[in-house]
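Heads up: the protein sequence lines correspond to chains A and B, in order. Residue 37 in our numbering sits at position 37 of the first sequence; the count goes up by one each step and never skips. Residue 50 in our numbering sits at position 50 of the second sequence; the count goes up by one each step and never skips. Beta carbons are placed, not taken as given, at the ideal position from N, Cα and C, and that holds for glycine. Computed from a prediction, not measured in an experiment: that's the story for all the values here. Okay, so here's the structure we're looking at.
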Amino acid sequence: AQKVTQAQTEISVVEKEDVTLDCVYETRDTTYYLFWYKQPPSGELVFLIRRNSFDEQNEISGRYSWNFQKSTSSFNFTITASQVVDSAVYFCALSDQTGANNLFFGTGTRLTVIP
Amino acid sequence: DAGVIQSPRHEVTEMGQEVTLRCKPISGHDYLFWYRQTMMRGLELLIYFNNNVPIDDSGMPEDRFSAKMPNASFSTLKIQPSEPRDSAVYFCASSSVGVPGNTIYFGEGSWLTVV
């Protein structure tokens, strides 16, 4: 069965600190995809990144970076030099062959960046 | 390009009333999804359509819920009669091909409160 675990319920950091959000997933499929979404206080879900199971290269986009490690079934998300605008709930999600067209979401991590 | 458009953004209704939520997917997207977000259950898939045809409605909680997609640019999610436990954020989303593999883009959500 598919499962996404975000063990950190809430994190608070001071502005300009770096922060890492953890994501651990479970799937029996060899082909799967991992996603991160951001939900700011306004409520919408904003797509951040997609990764497939065959590409373990880390990715960097501005202050955001993602570390995918199949050996530990983790797909962690790091924000460098955090800003107040980064305050949001961040969701990690998984889709795989068995789950067909479903995205399985973790429970989210609420990040608060204190000015 | 316009994203997924949902209406209403907020709705407060009395128990027993009919609620209709509306969605316009991104133009050219063949897949449309309805998700529900609650504190207890997080984000869960209710139903999805491919080319206007319902493919999987196993997530629809009960017969009070129904969804239609009369054409490629419009879908509705109806709750009749509504109950307080239906209070949640309902997200519509679309993608150009089926997950796994492709990104699902979400609307801003419809925040439903049933009193």
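7 Å Cβ shell around residue i - same chain, five flanking residues per side excluded
| i | result |
| --- | --- |
| B:MET69 | LEU32, PHE49, ASN52 and SER75 |
| A:GLN8 | LEU21, ASP22 and THR109 |
| A:ARG75 | Looking at the sequence provided, one finds Phe at residue 75 of chain A rather than Arg. Here the set comprises CYS23, TYR25, LEU34, ARG51, TRP66, PHE68 and CYS92. |
| A:GLU17 | SER82 |
Where residue i falls, given that 16 or more other Cβ within 10 Å makes a residue buried
| i | result |
| --- | --- |
| A:ASN52 | exposed |
| A:ILE60 | exposed |
| A:ILE114 | exposed |
| B:GLY109 | buried |
| B:PHE106 | buried |
| B:PRO25 | buried |
| A:ALA1 | exposed |
| A:PHE123 | One cannot answer for residue 123 of chain A here, as it falls past the ends of chain A, which runs 1 to 115. |
For residue i, the first and last residue of its enclosing beta strand (DSSP E)
| i | result |
| --- | --- |
| A:ARG50 | 46-52 |
| B:PRO70 | 65-71 |
| A:ILE79 | 74-79 |
| A:THR20 | 19-21 |
Close Cβ partners of residue i (< 8 Å) along its chain, the five nearest in sequence each way excluded
| i | result |
| --- | --- |
| A:GLN57 | PHE68 |
| A:PRO41 | SER87 and ALA88 |
Span separating the alpha-carbon of residue i from that of residue j
| i | j | result |
| --- | --- | --- |
| B:GLN6 | B:MET39 | 21 Å |
| A:PHE105 | A:ARG50 | 13 Å |
| B:ILE104 | A:LEU45 | 10 Å |
| A:THR112 | B:ARG64 | 38 Å |
| B:VAL97 | B:THR13 | 35 Å |
| B:SER66 | B:VAL115 | 20 Å |
| B:ILE47 | A:VAL19 | 35 Å |
Spatial neighbours of residue i in its chain, beta-carbon cut-off 6 Å, leaving aside the 5 residues before and after
| i | result |
| --- | --- |
| A:LYS3 | GLU26 |
| B:THR20 | THR76 and LYS78 |
| B:ARG22 | SER7 and THR76 |
| B:VAL89 | GLN37, GLY109 and TRP111 |
Residue(s) in a DSSP beta bridge with residue i
| i | result |
| --- | --- |
| A:THR109 | A:TYR90 |
| B:SER96 | B:SER96 is not bridged to any residue. |
| A:GLU56 | According to DSSP, A:GLU56 bridges with nothing at all. |
| B:CYS23 | B:GLN6 and B:SER75 |
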